[in-house]
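Below: the structure, in structure tokens.
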Amino acid sequence: MTKSLQNFLKIAISLALGIAIIWLLYRKTDFKELMSIVRESNLSIILFSLVFGLCGHIVRSLRWGVFLNSLGYRPNKVRLVLAMLGNYAVNFLIPRGGDIWRCAAVSRYDKIPFSKTLETFLVDKMVDFVTSAFLVLLSVILYIDFFISYFHENPDYGNQIIRLLNSPLLYVAIVAIVIGLVLMFTVFKNTRPVRKIYKFLNEILQDMKIIAHMKEKKLIILYTILGWICFYLFFYVCFYAFDFTKNLGPVAGLVVFSMCNVGILIPTQGGMGPWHFMAISSLVILGVAYNQASAFAGAVFTIQSIWIIVFGALAILALPYVKRDMRHVPESSENYESINLSK
């Protein structure tokens, strides 16, 4: 099987999964009623929410820039923002492909080694993963009744988790991975592929030390808080576009927002399908009628996705025209030198 065919199959399978979930969610929906609900909504509020989406992308790109600064690079901030916007647009074509594209784009135009953009991207993602997990935990604490009702209404989810934990295949897979890693770094440690992997992992470890000693930790925390507030408002403001969600309150908005973030972990185009499922099922648990929840998910996802694709495509086209302004950062270089001298 050729590489191009493999890539095509990955895209086709993820797209088919997203479409299948959408079909299952909407197959019994009365589309006349759904469109009537959408027409009665205030779509201008959804359009207003896009402002917060843009702010969230800008803040997130600036945070990534701080991580790159800590390694001694100062990429053009405008290019970082454009790359971030393009990232999400590419994800609609290739699930998770936008992440690699973003790293490659900044590496190409700002002459930063790809390994460095990838390493800082992984750290950036790790920060978001921890924050997302914290928001889910906070949602559970603030609205425990919702989660009890959710698993009561969807018992298959809990049963699937129990079956997975009791499955011998899970433990066989864990043992196989451990044995494989041991063999890789003992028996096959001198082979060329393993040496490359070891070198890459060692570079990541050294760069993690640099990032851990960076002076801008407070700035990272600030950007993380601001970014997630923006993305929360990007979602929650849309509640006010519909009569049946505008009175649910900010805590309910946080719960649905957190559940949608869990949904987009499944690699489909832009989260299509899993995002809808989480939004609809969560709103139904909160007392919203199924057709109304479907209308909310359909309208919000469609409008925001069109915005992401259009702005992302324009950002990709604009990237080559941004002047390169990359240089070593004196204050960040101090961190780099101090760690190297301590070796």
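Take the sequence shown: its letters are residues 59 to 401, numbered as in the numbering used here. We put the CB at the ideal spot given by N, CA and C, even for glycine.
Between Phe302 and Phe354, the C-beta gap is smaller than 9 Å, which places the two residues in contact.
Per the Cβ contact rule, the region 331-340 is not in contact with the region 369-379 (fewer than 3 Cβ pairs under 8 Å). Linking Tyr167 to Val139 through their CA atoms gives a straight-line distance of about 13 Å. Here the C-alpha atom of Arg250 lies approximately 20 Å from the C-alpha atom of Ile235. Of all C-beta pairs linking the region 120-133 to the region 175-184, three or more are shorter than 8 Å, placing the two stretches in contact. For the set Lys90, Leu101, Ala74, Trp286, the Cα lying nearest the Cα of Val358 is the one of Leu101. Residue state for Val313 is assigned as helix, using DSSP reduced to three classes. In the DSSP assignment, Asn127 falls within the alpha helix (DSSP H) that extends over 101-128.
Boundaries of the alpha helix (DSSP H) harbouring His210: 202-211, taken from the DSSP string. Proximity of the region 97-114 to the region 159-173 falls short of the contact definition, fewer than three beta-carbon pairs being nearer than 8 Å. A straight-line Cα-Cα distance of about 21 Å links Ile202 and Ala347. Between the beta-carbon of Phe204 and that of Leu344 there is about 7 Å, and that keeps the pair under the 8 Å contact cut. Only exposed fits Tyr229, as fewer than 16 other CB atoms lie within 10 angstroms of its CB. With contacts defined by Cβ atoms closer than 9 Å, Ser128 and Met242 do not form a contacting pair. Between Gly328 and Asn149, the C-beta spacing is below 9 Å. Nearest in C-alpha terms to Gln362, of all of Ser107, Phe246, Ala270, Ser99, is Ser107.
Met142 is a Cβ neighbour of Arg160, given a cutoff of 9 Å. Segment contact: the region 271-285 against the region 255-263, fewer than three CB-CB distances shorter than 8 Å; contact not assigned.
Note that the C-beta distance between Ile199 and Leu176 is not below 9 Å. For Pro133, the CB contacts under 7 Å within the same chain, skipping 5 residues up- and downstream, are Gly123, Leu126, Val164, Asp168, Ile170, Met384 in chain order.
A direct Cα-to-Cα measurement between Tyr379 and Val136 gives close to 11 Å. By a beta-carbon distance limit of 8 Å, Leu312 contacts Leu193. Their separation comes to about 7 Å. In the structure shown, Glu177 falls within a helical segment according to DSSP collapsed to helix, strand and coil.
The continuous alpha helix (DSSP H) containing Thr282 extends over residues 275-294. Taking a C-beta distance under 9 Å as the contact criterion, Val295 and Ser190 do not qualify as a contact pair. In the assembly as shown, Ile237 is an exposed residue. Its beta-carbon has fewer than 16 other beta-carbons within 10 Å. Contact check for Ser197 against Val117 fails: the beta carbons are separated by 9 Å or more. Here the C-alpha atom of Tyr298 lies approximately 21 Å from the C-alpha atom of Leu284. Ranked by how close their Cα comes to the Cα of Ile152, the residues Ala70, Val368, Met93 have Ala70 in first place. At the C-beta level, Ile95 and Asn349 come within 9 Å of one another. Counted as a single uninterrupted DSSP element, the alpha helix (DSSP H) harbouring Ala147 occupies residues 135-149.
In the DSSP annotation of this structure, the continuous segment of the alpha helix (DSSP H) that includes His334 starts and ends at 332-343.
Close CB contacts of Cys288 within its chain, under the 7 Å cut and outside five residues either way in sequence, are with Phe110, Cys113, Gly114, Val117 (chain order).
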